[in-house]
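Residue numbers (the working numbering): 1227 to 1361.
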């Protein structure tokens, strides 16, 4: 059962998945968040091609109140649920982007390169957090 991780952002969406044994995660791609919802179709295609059985969508659970991104994520999940019949879990994504950014800075990635891969690595961090919670 492969797992797909999604780091949903207002501009970009990072996507990662696990190997077939769910031991490790790896980045797949980053797509633009399109206002017409085209990105949902792209994600459905990935789910079908990779035989995904669980989708983790990162959600910033913050104690300081409701954020606009939370509404956007909830709408995205509703759109995705209309097109697929597999389990979708909202997963705490706090600090996943910061961890990805720190990793890229420590490893001397240029700002341009970081922008291209940060969201994919954040999606990997979401998956890794979920896998750790199962142990």
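Ideal placement from N, C-alpha and C gives every residue a C-beta, glycine not left out.
Classification of residue i by the beta-carbon crowding that lies within 10 angstroms, buried from 16 upward
| i | result |
| --- | --- |
| residue 1263 | exposed |
| residue 1344 | buried |
| residue 1269 | buried |
Beta-carbon proximity check, residue i vs residue j, cutoff 7 angstroms
| i | j | result |
| --- | --- | --- |
| residue 1276 | residue 1243 | yes |
| residue 1285 | residue 1299 | yes |
| residue 1326 | residue 1359 | no |
| residue 1295 | residue 1230 | no |
| residue 1254 | residue 1265 | no |
| residue 1317 | residue 1282 | yes |
| residue 1337 | residue 1330 | no |
Where residue i falls: helix, strand or coil (DSSP)
| i | result |
| --- | --- |
| residue 1277 | coil |
| residue 1332 | helix |
| residue 1282 | strand |
| residue 1251 | strand |
| residue 1316 | strand |
| residue 1230 | strand |
| residue 1357 | helix |
| residue 1269 | helix |
Endpoints, beta strand (DSSP E) assigned at residue i
| i | result |
| --- | --- |
| residue 1243 | 1238-1244 |
| residue 1321 | It is not in any beta strand (DSSP E) - residue 1321 carries neither H nor E in the DSSP assignment. |
Span of the alpha helix (DSSP H), counted from its first residue to its last, around residue i
| i | result |
| --- | --- |
| residue 1293 | No alpha helix (DSSP H) holds residue 1293; DSSP gives it neither H nor E. |
Per the contact definition of three or more C-beta pairs closer than 8 angstroms, is the region 1342-1352 in contact with the region 1321-1330? yes
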